[in-house]
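So for the sequence shown, our numbering puts the first residue at 15; every next one is plus one. Some notes on the structure that comes next.
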Amino acid sequence: MRPLLTSEEMRRADEAVMASGVPAEMLMERAGRAVARATVALAGRRYGVRAAVVCGKGNNGGDGFVAARLLADDGVSTRCLTVGDARSARGAAAHHRDLLRTVPVTVEPFSPTALTRSDVVVDALFGTGFEGAAEGEAATAIEAMNGAGAPVLAVDIPSGVIGATGAVHGPAVMAEVTVVMGAEKIGTAVGAGAMRAGRVEVVDIGIPVTGQGAGMVEVADVAAVLPRRTLDSHKRSSGAVALLGGSAGMAGAVALAARGAVRMGAGYTTFGASADVERSVAQSLPEVLSVVVTKGEALGPESLDAFSSVVENATSLAIGPGLG
15 MRPLLTSEEM
25 RRADEAVMAS
35 GVPAEMLMER
45 AGRAVARATV
55 ALAGRRYGVR
65 AAVVCGKGNN
75 GGDGFVAARL
85 LADDGVSTRC
95 LTVGDARSAR
105 GAAAHHRDLL
115 RTVPVTVEPF
125 SPTALTRSDV
135 VVDALFGTGF
145 EGAAEGEAAT
155 AIEAMNGAGA
165 PVLAVDIPSG
175 VIGATGAVHG
185 PAVMAEVTVV
195 MGAEKIGTAV
205 GAGAMRAGRV
215 EVVDIGIPVT
225 GQGAGMVEVA
235 DVAAVLPRRT
245 LDSHKRSSGA
255 VALLGGSAGM
265 AGAVALAARG
275 AVRMGAGYTT
285 FGASADVERS
295 VAQSLPEVLS
305 VVVTKGEALG
315 PESLDAFSSV
325 VENATSLAIG
335 PGLG
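Written out as structure tokens, the structure reads:
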């Protein structure tokens with residue numbers, strides 16, 4: 015199961031690591047390095063690329079400051095666009111903002127036209143602790159990122175998405191890739207946030223993830239609880255499904271039900287339908303047995319009698335798909 019964290023769970027994990035002696039500046043450096051690496055991968059090349067990094071004044075913006083510095087140091091033409099007063103950044107974010115002076119990166123206040131001619135955009139505006147709806151300059155910046163015509167990489171979560179729920183109450187970034195630190199957040203896995211996160215890449219920056227309350231069930235989790243077939247099993251060992259349905263114009267319903275039964279592992283699947291429906295469905299499902307249960311176009315009481323022998327030997331019965 016893939017762990018999913020709330021913003022509060024991630025905050026506690028951050029604090030625990032820093033309490034153990036790891037400086038916040040180091041964690042931010044690792045996060046920004048992962049973002050810079052993913053930005054180059056998204057752009058598809060390094061030299062000749064024009065990157066715009068949109069930074070807020072919090073820790074998410076600090077990750078953006080690091081990414082901007084490393085991109086510029088690596089030969090990428092980089093502009094760092096600050097939303098709000100970057101001078102009000104504190105702690106690790108202020109430290110990495112000041113380090114931008116050591117590399118050839120353009121740092122300037124955000125403007126609606128600032129993203130023109132960018133090949134890739136990094137969204138480091140808001141983090142997982144964001145609440146409410148983006149307004150004013152922040153809303154303008156989000157709309158500009160969405161309209162830039164360049165792929166957007168979000169840091170931890172697309173700006174405008176609520177980290178704890180995935181809800182969106184105003185403008186929100188539509189990212190192609192979201193780089194998340196330590197573990198994925200609930201906000202990128204469910205709701206509107208999942209539709210805006212694009213491809214989610216989880217990176218390890220040295221924050222142990224324990225005690226999470228939520229998780230995303232994956233294919234391996236389901237496979238682990240499914241019963242295994244023994245060497246001496248036969249088709250009826252895995253269940254016999256009987257389906258009764260279909261009508262003129264709705265043959266596909268019973269076909270989908272039969273295909274679903276086979277896909278879920280039923281060893282023996284039989285459907286009953288009118289002659290016309292049986293003929294059209296049976297041709298597309300050679301692994302499924304079929305029985306004509308009525309001489310007319312619609313199923314009636316006599317159909318149950320014609321299908322009774324199949325039902326008697328079934329372990330599961332479904333009546334209704336496509337009956338109208």
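Virtual Cβ for every residue (Gly too), placed ideally from N, Cα, C.
- Message: Just verifying my parser: in three-state terms, what is the DSSP assignment at Asp290?
- Response: helix
- Look at the Cβ atom of Thr224, then the Cβ atom of Ala211, and state whether they are nearer than 9 Å. no
- Whose C-beta lies closer than 8 Å to the C-beta of Ile171 among residues of the same chain, with five residues either side of it excluded? Listed in chain order, the non-local C-beta contacts of Ile171 below 8 Å within the same chain comprise Phe140, Gly141, Thr142, Phe144, Gly177, Thr192, Val194, Lys199, Gly201, Thr202, Gly207, Ala211, local neighbours out to five positions each way being set aside.
- Item | Gly229, enclosing beta strand (DSSP E) - first and last residue | 228-230
- Can you name, in chain order, every residue of its own chain whose Cβ lies under 6 Å from the Cβ of Leu303, other than the five neighbours on each side? Thr284
- Selection from Leu245, Asp28, Met15, Glu23 that minimises the alpha carbon distance to Met42: Asp28
- Message: Using CA atoms only, rank isn't needed, just tell me which of Arg131, Ile219, Leu114 is closest to Val31.
- Response: For Val31, the nearest C-alpha among the options comes from Ile219.
- Would you grab the beta carbon distance between Cys94 and Thr116 for me? Rounded to a whole angstrom, and I think it's under 8 Å. Their Cβ separation, rounded to whole angstroms, is 13 Å, which puts Cys94 and Thr116 out of contact at 8 Å.
- Message: For a quick check, are the C-beta atoms of Ala168 and Ala189 less than 9 Å apart?
- Response: yes
- Message: What residue range does the beta strand (DSSP E) around Asp88 cover?
- Response: Taken as a continuous stretch (DSSP letters only), Asp88 belongs to no beta strand (DSSP E), as it is neither H nor E.
- Message: By the three-class DSSP mapping on this structure, what secondary structure does Ile221 have?
- Response: coil
- Item | Boundaries of the beta strand (DSSP E) in which Thr179 is found, first to last residue | Where Thr179 is concerned, there is no enclosing beta strand (DSSP E), given that its DSSP letter is neither H nor E.
- Message: Between which residues of its own chain and Ala328 is the CB-CB distance below 6 Å, once the five residues before and five after are set aside?
- Response: Ala254, Ala256
- Query: Where does Lys249 sit, in a helix, a strand or coil, going by DSSP?
  - Reply: helix
- Task: Closer than 7 Å by C-beta to Val187: which residues in its own chain qualify, once you throw out the five before and the five after it? Chain order, please.
- Result: Asp137, Ile156, Met159, Asn160, Val166, Ala168, Pro172, Ser173, Gly174, Arg210
- Item | Expected contact under 8 Å - CB spacing of Val276 and Glu292 to nearest Å | Not a contact, Cβ separation roughly 17 Å.
- Message: Given this structure, state the Cα-to-Cα distance separating Leu299 from Val231, to the nearest angstrom.
- Response: 30 Å
- Message: Let me see if you follow: with CB-CB separation under 9 Å, is Glu39 close to chain B or not?
- Response: Here there is only one protein chain, and chain B is not present.
- Query: If you run the structure through DSSP and keep just helix, strand and coil, what is Thr53?
  - Reply: The answer is helix: DSSP assigns Thr53 an H, G or I state.
- Query: Out of curiosity, what's the CA-to-CA distance linking Leu337 and Pro315?
  - Reply: 13 Å
- Task: Ignore the nearest five residues each way along the sequence and tell me which others in Ala38's own chain have a CB closer than 7 Å to its CB.
- Result: Met32, Gly105, Ala106
- Extent of the continuous beta strand (DSSP E) to which Leu303 belongs: Run containing Leu303: 303-308, per the beta strand (DSSP E) assignment.
- According to the Cβ coordinates, are Leu258 and Gly286 closer than 9 Å? yes
- Task: Please go through the same chain and pick out, in chain order, the residues whose beta-carbon is closer than 8 Å to the beta-carbon of Ala228, but skip the five residues on each side of it.
- Result: The beta carbon of Ala228 sits closer than 8 Å to the beta carbons of Pro17, Leu18, Leu19, Thr20, Ile200 from its chain, once the five residues preceding and following it are set aside; these are given in chain order.
- Query: In or out: Tyr282 buried (at least 16 other Cβ within 10 Å) or exposed?
  - Reply: buried
- Please confirm whether Val305 and Val324 have their CB atoms less than 9 Å apart. yes
- Query: Is it buried or exposed for Ser261, if we count other Cβ within 10 angstroms and need 16 for buried?
  - Reply: buried
- For Gly180, which residues from the same chain have a beta carbon less than 8 Å from its beta carbon, with the 5 sequence-adjacent residues on both sides left out? Ile200, Gly201, Thr202, Ala203, Val204, Gly205, Ala206, Gly207, Ala208
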